[in-house]
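Asks:
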Amino acid sequence: LRSRLEKLGYQLSKQELDAMYQRFLAVADKKQEVLDEDLAALVHDEFPPVQQNLKLEYLHSYSGTTAIPTATVRLLVNGKTREGASIGDGPVDAVYKAIAGLTSTHAKLLRYDIRAVTEGTEAMGEVTVQLEIGNRRVMGRGASTDIIEASAKAYVDGLNRLG
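All residue numbers for the sequence shown refer to the numbering used here, where the first residue is 18 and numbers rise by one.
Okay, here's the thing in structure tokens:
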């Protein structure tokens with residue numbers, strides 16, 4: 018893993034590499050081959066370039082054609098654990114409403130983009146959001162093989178960038 022990351026231009030400490038290895042194993046369990054694009058998305062997701070006042074600890078979402086989309090979210094907010102739930106128009110909306118409720122933040126979602134980092138049904142998905150509070154706009158990114166989790170990570174990343 019270290020060799021592959023170094024070829025991609027990433028120099029990680031032993032502690033960072035250990036954390037990355039755990040994420041790598043989780044992705045490898047879900048898909049047979051972890052590509053360079055997957056690794057790059059994992060590094061960005063594991064080591065974001067902004068201070069992490071908010072961190073996603075747990076996420077559970079439920080939706081279906083006849084079900085009310087519901088999400089339960091646990092966040093670490095400035096070192097304190099908070100948990101809440103919400104319903105929404107879909108699973109992503111429910112997750113975002115739960116996060117907004119836990120953070121008392123009412124950022125406006127201006128843009129939401131999903132792209133597959135790699136090919137196939139087991140692909141790593143990357144979500145990019147644009148959030149706005151007042152006149153301040155930021156981008157947030159998140160990646161996971163679970164697109165709902167990637168969406169939550171992108172929203173949390175954006176909120177962290179808003180400070």
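Glycine included, every Cβ here is placed at the ideal spot set by N, Cα and C.
(1) How about residue 169 and residue 143: do their beta carbons lie closer than 8 angstroms?
(2) Please confirm whether residue 124 and residue 56 have their CB atoms less than 8 angstroms apart.
(3) Does residue 88 pass the burial test, meaning 16 or more other C-beta atoms within 10 Å, or should it be called exposed?
(4) Using DSSP bridges, identify the partner residues of residue 157.
(5) Does DSSP put residue 31 in a helix, a strand or coil?
(6) Can you round the beta-carbon distance between residue 90 and residue 119 to whole angstroms, since I take them to be within the 8 angstroms contact cut?
(7) So what does DSSP say about residue 120, is it helix, strand or coil?
(8) Is the stretch 146 to 161 touching the stretch 97 to 106 in the sense that three or more CB pairs, one from each, lie closer than 8 angstroms?
(9) Enumerate in chain order the residues of its own chain whose CB-to-CB distance from residue 101 is below 7 angstroms, with the five nearest sequence positions on each side excluded.
(10) Specify, as a first and last residue, the run of the alpha helix (DSSP H) that residue 170 falls within.
(11) Please report the straight-line C-alpha distance between residue 77 and residue 29, rounded to a whole angstrom.
(12) Return yes when the Cβ of residue 37 is within less than 8 angstroms of the Cβ of residue 54, no when it is not.
(13) In terms of DSSP beta bridges, what is residue 100 paired with?
(14) Using the three-state DSSP reduction, which class does residue 133 fall into: helix, strand or coil?
(15) Name the one or two DSSP bridge partners that residue 73 has.
(16) Closest by CA to residue 134, which one among 84, 161, 121?
Replies: Taking the geometry as given:
(1) Your numbering for residue 169 matches position 152 in the sequence shown. Your numbering for residue 143 matches position 126 in the sequence shown. No, the Cβ-Cβ distance between residue 169 and residue 143 is not below 8 angstroms.
(2) Taking the first residue of the sequence shown as 1, we reach residue 124 at position 107. Taking the first residue of the sequence shown as 1, we reach residue 56 at position 39. Taking 8 angstroms as the cut-off, the Cβ atoms of residue 124 and residue 56 do not count as close.
(3) Indexing the sequence shown from 1 puts residue 88 at position 71. Burial state of residue 88 is buried, judged by a 10 Å Cβ sphere holding 16 or more other Cβ atoms.
(4) Indexing the sequence shown from 1 puts residue 157 at position 140. DSSP, once it has assigned bridges, lists 146 as partnering residue 157.
(5) Working through the sequence shown from its first residue, we reach residue 31 at position 14. In this structure, residue 31 counts as helix in the three-state DSSP scheme.
(6) By one-based count along the sequence shown, residue 90 stands at place 73. By one-based count along the sequence shown, residue 119 stands at place 102. Correct: roughly 6 angstroms between the Cβ atoms.
(7) For the purposes of this step, residue 120 is identified with residue 103 of the sequence shown, where counting begins at 1. It is helical.
(8) Contact between the stretch 97 to 106 and the stretch 146 to 161 is absent, with fewer than three C-beta pairs closer than 8 angstroms.
(9) Reading the sequence shown from its first residue, position 84 is the one you call residue 101. The answer, listed in chain order, is 90, 115, 118, 119.
(10) On the sequence shown, position 153 is the one that residue 170 refers to. Run containing residue 170: 164 to 179, per the alpha helix (DSSP H) assignment.
(11) As a position in the sequence shown, residue 77 is number 60, starting the count at 1. As a position in the sequence shown, residue 29 is number 12, starting the count at 1. Whole-angstrom Cα-Cα distance: 31 angstroms.
(12) Locating residue 54 in the sequence shown gives position 37, where the first residue counts as 1. Locating residue 37 in the sequence shown gives position 20, where the first residue counts as 1. No, the Cβ-Cβ distance between residue 54 and residue 37 is not below 8 angstroms.
(13) Position 83 of the sequence shown, counted from the first residue, corresponds to residue 100. The partner list for residue 100 (beta bridge, DSSP) reads 91.
(14) Here residue 133 is taken as the residue at index 116 of the sequence shown, counted from 1. If DSSP states are grouped into helix, strand and coil, residue 133 belongs with the strands.
(15) Stepping through the sequence shown from its first residue, residue 73 is reached at position 56. Looking at the DSSP assignment, residue 73 forms a beta bridge with 92.
(16) Residue 134 sits at position 117 when you count from the first residue of the sequence shown. Of 84, 161, 121, the smallest CA-CA separation from residue 134 is found for 161.
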